[in-house]
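With numbering that gives the first Met the number 0 applied, the sequence shown corresponds to residues 0 to 422, in that order.
From the three backbone atoms N, C-alpha and C, an ideal C-beta is built for every residue, glycine too.
The structure presented is a predicted model; accordingly, all values stated were derived computationally and were not measured.
Comments concern the structure below.
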Amino acid sequence: MEINEYLKKIGEAAKNAAVSFSVLGADVKNKALLAVADALETNMQDVLESNRRDYERAAEKGIGPVLLDRLRLDEKRMGDIIRDIRKVASLDDPVGSVIDSRVLPNGLSLTRKRIPIGVIGVIYEARPNVTADIASLCIKTGNVCVLRGGSETIETNQMMIKHIRQGLSSAGVSSEVVQFIDNTDRELVAEFLRMDQYIDMIIPRGGSRLSALCRAESTIPVIIGGFGISHIFVDETADLKRSIPVIMNSKVQKPSACNALDTLLVHRGIADRLFELLVPELNSNGISVAADEESFETLQKLDCKKLEHADEKTFDTEWLSMAMGIKMVDGVDEALDHMHQHNASHSDSILTNSLNHAEKFVNSAGSAAAYVNASTRFTDGGQFGLGAEVAISTQKLHARGPMGLEELTTYKWICAGDYLVRS
Numbered sequence: 000m001e002i003n004e005y006l007k008k009i010g011e012a013a014k015n016a017a018v019s020f021s022v023l024g025a026d027v028k029n030k031a032l033l034a035v036a037d038a039l040e041t042n043m044q045d046v047l048e049s050n051r052r053d054y055e056r057a058a059e060k061g062i063g064p065v066l067l068d069r070l071r072l073d074e075k076r077m078g079d080i081i082r083d084i085r086k087v088a089s090l091d092d093p094v095g096s097v098i099d100s101r102v103l104p105n106g107l108s109l110t111r112k113r114i115p116i117g118v119i120g121v122i123y124e125a126r127p128n129v130t131a132d133i134a135s136l137c138i139k140t141g142n143v144c145v146l147r148g149g150s151e152t153i154e155t156n157q158m159m160i161k162h163i164r165q166g167l168s169s170a171g172v173s174s175e176v177v178q179f180i181d182n183t184d185r186e187l188v189a190e191f192l193r194m195d196q197y198i199d200m201i202i203p204r205g206g207s208r209l210s211a212l213c214r215a216e217s218t219i220p221v222i223i224g225g226f227g228i229s230h231i232f233v234d235e236t237a238d239l240k241r242s243i244p245v246i247m248n249s250k251v252q253k254p255s256a257c258n259a260l261d262t263l264l265v266h267r268g269i270a271d272r273l274f275e276l277l278v279p280e281l282n283s284n285g286i287s288v289a290a291d292e293e294s295f296e297t298l299q300k301l302d303c304k305k306l307e308h309a310d311e312k313t314f315d316t317e318w319l320s321m322a323m324g325i326k327m328v329d330g331v332d333e334a335l336d337h338m339h340q341h342n343a344s345h346s347d348s349i350l351t352n353s354l355n356h357a358e359k360f361v362n363s364a365g366s367a368a369a370y371v372n373a374s375t376r377f378t379d380g381g382q383f384g385l386g387a388e389v390a391i392s393t394q395k396l397h398a399r400g401p402m403g404l405e406e407l408t409t410y411k412w413i414c415a416g417d418y419l420v421r422s
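Here it is, written out as structure tokens:
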């Protein structure tokens, strides 16, 4: 497939910018990041006004509440975005750091040194914060980014990109290091995924359909992330009273998040006692529950208000809303079997007072982030001390979990000798 002239121009600009940008020092990149944060802060009302128009159009089209919440910006959310950019500026720059080094018996000195990946392409939906997150992380690591946001946030993204590029220019850095595809034609996505002569890595930020499309169509390496069913298993040894706040935090702190609780697995031996404590919280928060047959009977007796029978789709559903599945199991082995069958690849937690059960869980779970006695909601670049994140990778190569600065680097071998030849 021929790349059309519009995308080709963007790709060439990105690739050309990457050559000089990759060798800039940390002080120059940090100055640029602070200038970007200042530009967004100074022009915050422009961004919010653009976002208001995007939000109103999306609401008129009947877009669901989860996506509406994701695309909405207000002064607090913009303040968080700006603080994250400044936080990234304050972090250590991984570029140029030495991973390891050694001298071979023949006298050849080998060093592995971190370098930028090059050009990062990101496709995302309804998340204007991603625009600033990706741009700031790429600037910090000397990578050029090519961003393709969704049509529902086009005005917001255009305005953010405008001021991000203004900030870069004011700091003496080429604005070409942040590229944006403002053509919302969906057919361009397939061409974008084949720009391997310009782009070094693709990161999709969206639902399972977008991830599947990128896996199937891309000729560029793809990092798949942000999708997976999040579980909590309540073990028979768990402190039930202390388990309730963890369960509820995982579900209600931000139900639209990809690390929010989807399926609660409960040891059959403690289910009755746990449900007695849990049902009032479910009811007061208006949480809908789809339960397996055994759990349904107990929850119904306890007057769980929004209760229905689980079906064949329940435990494969990433709810992203005030809803969850509940199932009883016989122990940690059955819980792990269930998780392996139902895409436990993101964030999963065990609530237990057994060290053996905790160790078995974290060693056997296929999750990018496995927790013991903690909410699944901590899987986040900011919470992990990484600053903003480019994505939460749920695959096994080359990064897993929140992708921060180091995950946006690769390395090269530096080999030095004293006019050394191979024998």
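Glu-405 is positioned such that its CB atom lies closer than 8 Å to that of Pro-93. Taking the C-beta atoms as reference points, Leu-109 is found no nearer than 8 Å to Leu-419.
In this structure, the straight-line span from the alpha carbon of Ala-17 to that of Val-143 is close to 6 Å. Val-27 is positioned such that its CB atom lies no closer than 8 Å to that of Leu-167. In the assembly as shown, His-341 is a buried residue. Its beta-carbon has 16 or more other beta-carbons within 10 Å. Annotated three-state conformation of Met-247 is helix, per DSSP.
Runs of alpha helix (DSSP H) with 4 or more residues, each lying fully within the segment 106 to 165, are found at 127 to 139, listed in chain order.
Ranked by how close their Cα comes to the Cα of Ser-21, the residues Trp-318, Ile-119, Leu-66 and Glu-74 have Ile-119 in first place. In terms of CA proximity to Gly-24, Gly-141 leads the group Ala-131, Gly-141 and Asp-45. Taking His-337 as reference, the option from Gly-365, Ser-283, Ser-353 and Thr-152 with the minimal CA-CA separation is Gly-365. For Tyr-54, the enclosing alpha helix (DSSP H) covers residues 43 to 59.
Between the alpha carbons of Thr-155 and Lys-161 lies a distance of about 10 Å. Taking all protein chains in view, the Cβ of His-308 is surrounded by fewer than 16 other Cβ atoms within 10 Å, so the residue is classified as exposed. The Cβ-Cβ distance between Ala-357 and His-230 does not fall below 8 Å. A contact between stretches requires three or more CB pairs, one per stretch, nearer than 8 Å, and the segment 170 to 180 fails this requirement with the segment 204 to 211.
Excluding its 5 nearest sequence neighbours in each direction, Ser-392 has C-beta neighbours in its own chain below 6 Å: Ile-222, Gly-224, Ala-398, Arg-399 and Met-402, listed in chain order. Across the structure, Leu-319 and Glu-216 are spaced so that their CA atoms are roughly 26 Å apart. Within the segment 183 to 213, the complete alpha helix (DSSP H) segments at least 4 residues long are 186 to 191, listed from N- to C-terminus.
Excluding five sequence positions before and after Val-328, the CB atoms of its chain that fall closer than 8 Å to its own CB belong to Phe-232, Leu-264, Val-265, His-266, Arg-267, Ala-334 and His-337, given in chain order. In the three-state reduction of the DSSP assignment, Arg-399 falls in the coil class, being assigned neither a helical nor a strand state. Check the Cα spacing between Glu-151 and each of Lys-30, Gly-324, Glu-55 and Leu-354: the tightest is with Glu-55. If the five residues before and after Leu-306 are omitted, its C-beta is found closer than 7 Å to the C-beta atoms of Val-288, Ala-290, Phe-295, Leu-298 and Gln-299, all from its own chain and listed in chain order.
For the 8 Å CB-CB criterion, Asp-347 and Thr-313 do not form a contact. The C-beta of Pro-104 has fewer than 16 other C-beta atoms within 10 Å across all chains shown, which makes the residue exposed. The way I'd put it, the segment 62 to 81 does touch the segment 39 to 52; three or more beta-carbon pairs between them come closer than 8 Å.
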